[in-house]
Amino acid sequence: MGETVGYGAAWRAERESRVAIIAGGYGDGLLRSLPNGAPVVIGGRRAPLAGRVSMDMIAVDVTDLPPVHPGEHAELWGASLPVEEVAATAGTLPYELVCGVSQRVPVELV
Numbered sequence: 020m021g022e023t024v025g026y027g028a029a030w031r032a033e034r035e036s037r038v039a040i041i042a043g044g045y046g047d048g049l050l051r052s053l054p055n056g057a058p059v060v061i062g063g064r065r066a067p068l069a070g071r072v073s074m075d076m077i078a079v080d081v082t083d084l085p086p087v088h089p090g091e092h093a094e095l096w097g098a099s100l101p102v103e104e105v106a107a108t109a110g111t112l113p114y115e116l117v118c119g120v121s122q123r124v125p126v127e128l129v
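For what it's worth, the working numbering labels the leading residue of the sequence shown as 20, then goes sequentially.
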């Protein structure tokens, strides 16, 4: 409790918390404007972004999820999380998110 995450300590744990680190950030095209609490899906369940988007990673508060394990699937938008919802959270259009995805991101087409 009281520990911080992200550039400028943008998120502070208000309770005993578990935080997962996801390998993806603004270097991959994820917008830096995504705020604390923006939704992320891990293992089919929603969890809030914790702190600011970093170049190569994001932190997600998984305290309320069952145990999360290394290598577990994370979805930033897609079948379980509409890109329109994520874009609205970031204050932008879905096209900005989709067009910003860099070539280093593996894309899963459904």
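Positions of the beta carbon are idealized from the N, C-alpha and C atoms, including for glycine. Predicted, not measured: the structure shown is a model, and the values here were computed from it.
Beta-bridge pairing of residue i - partner residues as DSSP gives them
| i | result |
| --- | --- |
| Ala39 | Val79 |
| Val151 | Not covered by the structure: residue 151. The range shown for the chain is 20 to 129. |
Residue burial classification, residue i (beta-carbon count within 10 angstroms, cutoff 16)
| i | result |
| --- | --- |
| Met34 | Here residue 34 is Arg; the residue named in the question, Met, does not match the sequence. Exposed, since its Cβ has fewer than 16 Cβ neighbours within 10 Å. |
| Gly21 | exposed |
| Tyr114 | exposed |
| Leu128 | exposed |
| Gly25 | buried |
| Ala131 | No answer is possible for residue 131: it lies beyond the span of the chain, which begins at 20 and ends at 129. |
For this session: Please specify which runs of the alpha helix (DSSP H), each continuous and at least 4 residues long, are wholly inside the region 42 to 119, giving them in chain order.
Result: 102 to 109 and 113 to 119
Exercise. Are the region 95 to 113 and the region 50 to 62 touching by the rule of at least three beta carbon pairs closer than 8 Å?
Worked result: yes
Exercise. So, do the region 60 to 74 and the region 27 to 47 have three or more beta carbon pairs nearer to each other than 8 Å?
Worked result: yes
Exercise. For the 8 Å Cβ check, are there 3 or more pairs between the region 67 to 74 and the region 91 to 98?
Worked result: no
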